[in-house]
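Chemist:
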Amino acid sequence: MGLSQPQRILIVDDESQIARVLRTGLKTHGYEVRVASDGVSALETFSDWHPDLVVTDLAMPNMDGLDLCRRLRAISQLPIIVLSVRGEEKTKVEALDAGADDYVTKPFGMEELLARVRAQLRRAAAPPLAEASSAVLEVGDFRIDADARKVFVREMEVHLTPKEYELLLHFVRHAGKVLTHRTLLSAVWGGNYTEQGEYLRVFVGQLRKKIEPNPSTPRYILTEPWIGYRFNPDS
Amino acid sequence: MPFERSWIGYLVAASGVAVTTAVLKLFSPHINSTTVALALLLLVLMVAIRYGARPAVATSLLGVLSFNYFFLPPFGTLTIAAPDNWVALIAFLITAITVGQLSARAERRAEEADAGRREIERLYEELQSAFERASHAEALKQSEKLKSALLDAVTHDIRTPLTSIKASVSTLLEELQGTSVSESPVTLDIDARKEMLEVIDEECDRLNRFVEGLIELARIEAGELHLRRRWGVVDEILATVLKRAEPLTRNHQILVEIADEIPAVQVDPRAVAEVVFTLIDNAAKYSAPGTKILVSAQPIDDEMIQIAVEDQGQTIPYNIRERVFDKFFRATRDGDAGDSIQPKGTGMGLPVAKGIVEAHGGRIWIEDKKEGAGTRVVFNLPIGDVETPPERSPDVVSGRAMFQEIN
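From first to last, the protein sequence lines are chains A and B.
For the first sequence, the residue numbers in this note's numbering are 8 to 242.
For the second sequence, the residue numbers in this note's numbering are 627 to 1033.
Rendered as C-alpha cells:
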C-alpha cells in the first residue's frame, strides 16, 4: 500500500463535518481523498477522477446513497461502503442488495472504517475469482477445485451437498463482502426463494458444522444481525 | 305531574267559582244574570286553557250550579225555571269541553315539538361525541407521528455530530496510543490534529445547541415560557440582534427600516431578540451570499407593531408555509422545496420563535414579498398596556439562559 500510487477514496456525505473528519483521517493514512455532498456530484467526480473506493452516506439530498449504489453498480465494480445510522436498516439492506459491499453504522471509530476500507480494497485488488471457472479457487483457508467439485478447508477435504457447495462457492467468490439474505437466496436458490430466510439459516448451519472448527462460534461465516452474512476466509 | 296539575285544576275550578260567585253576589242587585253568566264563562275558558277539559267541565258544572242557585230565580234553589238557563248550562259545557280539548291538543303539539327538539339535541350530542372520539383518535395518531418525528430528529441530529466526534477522537487516540492496526504507523501532522480538535469543538457546540433547543421547545410546549416584559425600544432590540448576527451576515447586505413613529413596546426584549435572530439566521442560511436581507419594523395600529425579515433566497411554497413552524420540520429535507440545499438548522428555530411570539399574544407567519423571489417572515406584537403591573420578579425567570447566544 502506498508504494506506487495512493489509492483514491471518494467520500459522499452531505454532513460537512463528517466529510471533514473522514477526509483528514483517510488522508493521514495515505489515501487520496475527494468529497462530494450528494449523489449527483459523486457521479460526476466518479467519472472524472476514477476513485478506487466510495464511502457514501445514505440520507442525502438530490440523489441518495441507495440510488448512488445502483448507478455506480451499473457502471463499475468498485467497492462501496455505506454509512448508515441505526433506524435505516431497511435502506441499508436495500443498498447492499443494490450493490454496496459493506456498511458502517454511525457513530463509528476511525479504525473500524479504515479496517473496512482496507478489506474492500484488498478484495478488489485480488484477481477476479468469478471468472476463474476452470481453475482451483484458493482463498485463505479454503481451496475449491471447481472441476472436481472438491472443497478443502485447512487442507482437509469436506464433503458438501450440491446446495451447500453452491452456497460456499458464493461465499468464497464474495469473501469480505456483506451478503444480504436476499442476495444469497437469490444466488443459490433462485429469485423465487428470496423470502425463504429459513432455508438459508438451515444451510448456513449445516455448512458451519462442516467447515467451522467450532460451529457455535463461527469464524468463517459471520452473521451480520438482521442483514445477512459475511464470509471471512482467514481464520 | 299531570295528576298533580289536574288536581290543582279542580282546586282552581272550585275556588274560582266560589270567588267569582262571592264577588258577583256582592254586586248582585246591580248586575244582571247575563253578566254573571259571561263572567263564569270566562272562568271556564281560562280553566280550560290552563288545565284542560276535565277541570273545565267541573268548573262549568259548578258554575251552572252557582249560577242557578245564587243568580237565577227562584234564588236559593237548584230548580231551573226558564229554558234560557238550560241554554246557559249547555253553553258552559260546550265551551268547557271544546276549549279544553283544543288546549290539550295544543299542549300535545307543544310536547311533540319539544320531544322533536330533544331528539335533535340528542342526535346532535351523539354526533358531536362521535366527532370528538374521531378527533381524539386523530390526535393520538398525530402524537404518534410526532413522537416518531422526534425520534428521527434525535437520531439524525444527535448521531451526526456524535459521528464526527467519535471519528475524530478515535483518530487522535489511535495516534496517541500508537496501537494502530493499520499497516503503517500513523502520524497526524499539526494541521490534521488541529482540524480534528476543531471538529470536536464545533460538534459539541452543535449538540449543545440541539439540546438547548429541545429544552426550550419543551418549555414552550409545557406553557412554562416566562416572559420578563418591560418597556423596550425596537431600535435597541434590533441593534442588539444585528450585532450578534454579524458573523452570520457578513456575506449579505443587511438593510434596516424602522418607522420613525414606532412606539415603545412592553415585551421581553431578549425573547423578541431571539425571534429576530432566528429569522435573520435563517435568511442568511437560505439565501446566496451577496444578496440583501431586509429587517423592518413598523406600527400597524394603536395596539400592534410588526417586525419583518425578508431575504432574496427561495420562496417557500404555500403548502409548507405553516408547516415550517412545526417542530423538526425542515423545508429542505422534509418539504418538496424542489432544489436541495442541505438542511442546516435543527428544525427548532421557527417553532421556538412561534412559541415566543404567541406567548406575547402576537402572531408569526410567512407572506409573499412585494416583489421578487425570497422569503418574508412577519410577526406582530401587542404594544402592551401602560397600566399593566410589572411582571414577577426576575429571579423566577429561569429560562434566561435559554435565550443566550444560540450561535
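For glycine and all other residues, C-beta sits at the position ideal for the given N, C-alpha and C.
From a predicted model like this one, the values you see are computed outputs, not experimental measurements.
#1: Closest by CA to Arg-226 (chain A), which one among A:Ser-44, A:Val-211 and A:Ala-102?
#2: So what does Asn-1006 (chain B) bridge to, in DSSP terms?
#3: Rounded to the nearest angstrom, what separates Ala-102 (chain A) and Asn-1006 (chain B) at their Cα positions?
#4: Only counting the same chain, and skipping five residues up and downstream in sequence, which positions put a Cβ closer than 7 angstroms to that of Glu-173 (chain A)?
#5: On the DSSP letters alone, give me the boundaries of the beta strand (DSSP E) that Leu-85 (chain A) sits inside.
#6: Between the region 633-644 of chain B and the region 205-223 of chain A, can you find at least three pairs of beta-carbon atoms closer than 8 angstroms?
#7: Whose Cβ in chain B lies nearer than 7 angstroms to the Cβ of Thr-31 (chain A)?
#8: Looking only at its own chain, which residues have a Cβ that is under 8 angstroms from the Cβ of Val-165 (chain A), when we skip the five neighbours before and after it?
#9: Check distances from the C-beta atoms of the region 16-27 of chain A to those of chain B and list, in chain order, the residues that come in under 7 angstroms.
#10: Can you list, in chain order, the residues of the region 92-106 of chain A whose Cβ is nearer than 9 angstroms to any Cβ on chain B?
#11: Output yes if chain A places a C-beta closer than 9 angstroms to the C-beta of Gln-747 (chain B); else output no.
#12: Who are the Cβ neighbours of Leu-85 (chain A) in its own chain at under 8 angstroms, not counting the five residues just before and after it?
#13: Beta strand (DSSP E) containing Arg-856 (chain B): first to last residue?
#14: Go through its chain and collect everything with a Cβ distance to Thr-201 (chain A)'s Cβ below 7 angstroms, but skip five positions before and after it.
#15: Report, in whole angstroms, the separation of the C-beta atoms of Gln-127 (chain A) and Asp-108 (chain A), which I expect to be a contact under 8 angstroms.
#16: How far does the alpha helix (DSSP H) with Glu-842 (chain B) in it extend, from its first residue to its last?
#17: Compare the C-alpha of Gly-235 (chain A) against each of A:Thr-35, A:Pro-222, A:Asp-241 and A:Gly-204 and name the closest.
#18: Curious, which full-length alpha helix (DSSP H) runs of at least 4 residues does the region 154-213 of chain A contain?
#19: Quick check on Phe-718 (chain B): buried or exposed, where buried means 16 or more other Cβ atoms within 10 Å of its Cβ?
#20: For Thr-866 (chain B) versus Val-978 (chain B), is the C-beta distance shorter than 9 angstroms?
#21: Expressed to the nearest angstrom, what Euclidean distance is found between the alpha-carbon atoms of Ala-871 (chain B) and Ile-919 (chain B)?
#22: Pick from B:Phe-954, B:Lys-980, B:Tyr-944 and B:Asp-861: whose alpha carbon is nearest that of Gln-924 (chain B)?
#23: Check the C-beta distance from Ile-657 (chain B) over to Val-683 (chain B) and give it rounded, since I have them as a contact under 8 angstroms.
#24: Contact check, Val-935 (chain B) vs Val-921 (chain B) under 8 angstroms by CB: the rounded distance?
#25: Which residue comes first and which comes last in the alpha helix (DSSP H) that contains Gln-127 (chain A)?
#26: With DSSP as the reference, please indicate the residues paired to Ile-884 (chain B) in a beta bridge.
#27: Applying the 10 Å Cβ sphere with the 16-neighbour rule, what's the burial state of Val-209 (chain A)?
#28: Does DSSP classify Ser-223 (chain A) as helix, strand or coil?
#29: Between B:Arg-743, B:Tyr-677, B:Ala-674 and B:Phe-697, which lies nearest to Pro-655 (chain B) when the distance is taken from Cα to Cα?
#30: Along chain B, which residues have their Cβ under 9 angstroms away from the Cβ of Thr-35 (chain A)?
#31: Around the Cβ of Leu-715 (chain B), are there at least 16 other Cβ atoms within 10 angstroms (buried) or fewer (exposed)?
#32: Taking C-beta pairs closer than 9 angstroms, name the residues in chain C that Arg-949 (chain B) reaches, listed in chain order.
#33: Please confirm if the region 67-76 of chain A is in contact with the region 144-151 of chain A, defined as three or more CB-CB distances below 8 angstroms between the two stretches.
#34: Note down, in chain order, each residue of its chain lying with its Cβ closer than 6 angstroms to the Cβ of Ala-182 (chain A), except the 5 sequence neighbours on either side.
#35: In chain B, what lies closer than 9 angstroms to Met-163 (chain A) by C-beta?
#36: Give the residues from the region 113-133 of chain A that approach chain B closer than 9 angstroms (Cβ to any Cβ), ordered along the chain.
Modeler: Taking the geometry as given:
#1: A:Val-211
#2: Asn-1006 (chain B) pairs with B:Gln-932 and B:Arg-989.
#3: 48 angstroms
#4: For Glu-173 (chain A), where only same-chain residues beyond five positions count, the Cβ hits under 7 angstroms are Val-195.
#5: It is not in any beta strand (DSSP E) - Leu-85 (chain A) carries neither H nor E in the DSSP assignment.
#6: no
#7: Simply Ala-818, Glu-821 and Met-822.
#8: Non-local C-beta neighbours of Val-165 (chain A) in its own chain, meaning closer than 8 angstroms and more than five positions away in sequence, comprise Val-158, Phe-159, Lys-217 and Ile-218, ordered along the chain.
#9: Asp-21, Glu-22, Gln-24, Ile-25 and Arg-27
#10: Val-92, Arg-93, Gly-94 and Glu-95
#11: Here residue 747 (chain B) is Glu; the residue named in the question, Gln, does not match the sequence. Contacts with chain A at 9 angstroms (Cβ-Cβ) do not include Glu-747 (chain B).
#12: Same-chain partners within the cutoff: Pro-58, Asp-59, Leu-60, Val-61, Leu-79 and Ala-131.
#13: Its beta strand (DSSP E) spans residues 856-858.
#14: Arg-189, Leu-192 and Ser-193
#15: Going by Cβ atoms, the distance from Gln-127 (chain A) to Asp-108 (chain A) rounds to 6 angstroms, so yes, they are a contact pair.
#16: 816-847
#17: Per the Cα distances, A:Gly-204.
#18: Listed in chain order, the alpha helix (DSSP H) runs fully inside the region 154-213 of chain A are 169-180 and 188-195, counting runs of at least 4 residues.
#19: buried
#20: no
#21: The alpha-carbon atoms of Ala-871 (chain B) and Ile-919 (chain B) are separated by roughly 12 angstroms.
#22: B:Asp-861
#23: So it is not a contact: roughly 26 angstroms between Cβ atoms.
#24: 5 angstroms between Cβ atoms; contact.
#25: 117-132
#26: B:Ala-923
#27: Of the residues assessed, Val-209 (chain A) falls on the exposed side of the cut-off, its CB having fewer than 16 other CB atoms within 10 angstroms.
#28: coil
#29: Each of B:Arg-743, B:Tyr-677, B:Ala-674 and B:Phe-697 was checked against the Cα of Pro-655 (chain B), and the nearest Cα belongs to B:Phe-697.
#30: Thr-797, Glu-801, Val-812, Thr-813, Leu-814, Asp-815 and Ala-818
#31: With at least 16 other beta carbons inside 10 angstroms of its own, Leu-715 (chain B) counts as buried.
#32: You won't find chain C in this structure, because its protein chains are A and B.
#33: Counting C-beta pairs with one atom in each stretch, the region 67-76 of chain A and the region 144-151 of chain A have fewer than three that are closer than 8 angstroms, which means they do not touch.
#34: Val-146, Phe-238 and Pro-240
#35: Residues of chain B passing the Cβ test: none, with the nearest at roughly 30 angstroms.
#36: Lys-113, Pro-114, Phe-115, Gly-116, Met-117, Glu-118, Glu-119, Leu-120, Leu-121, Ala-122 and Arg-125
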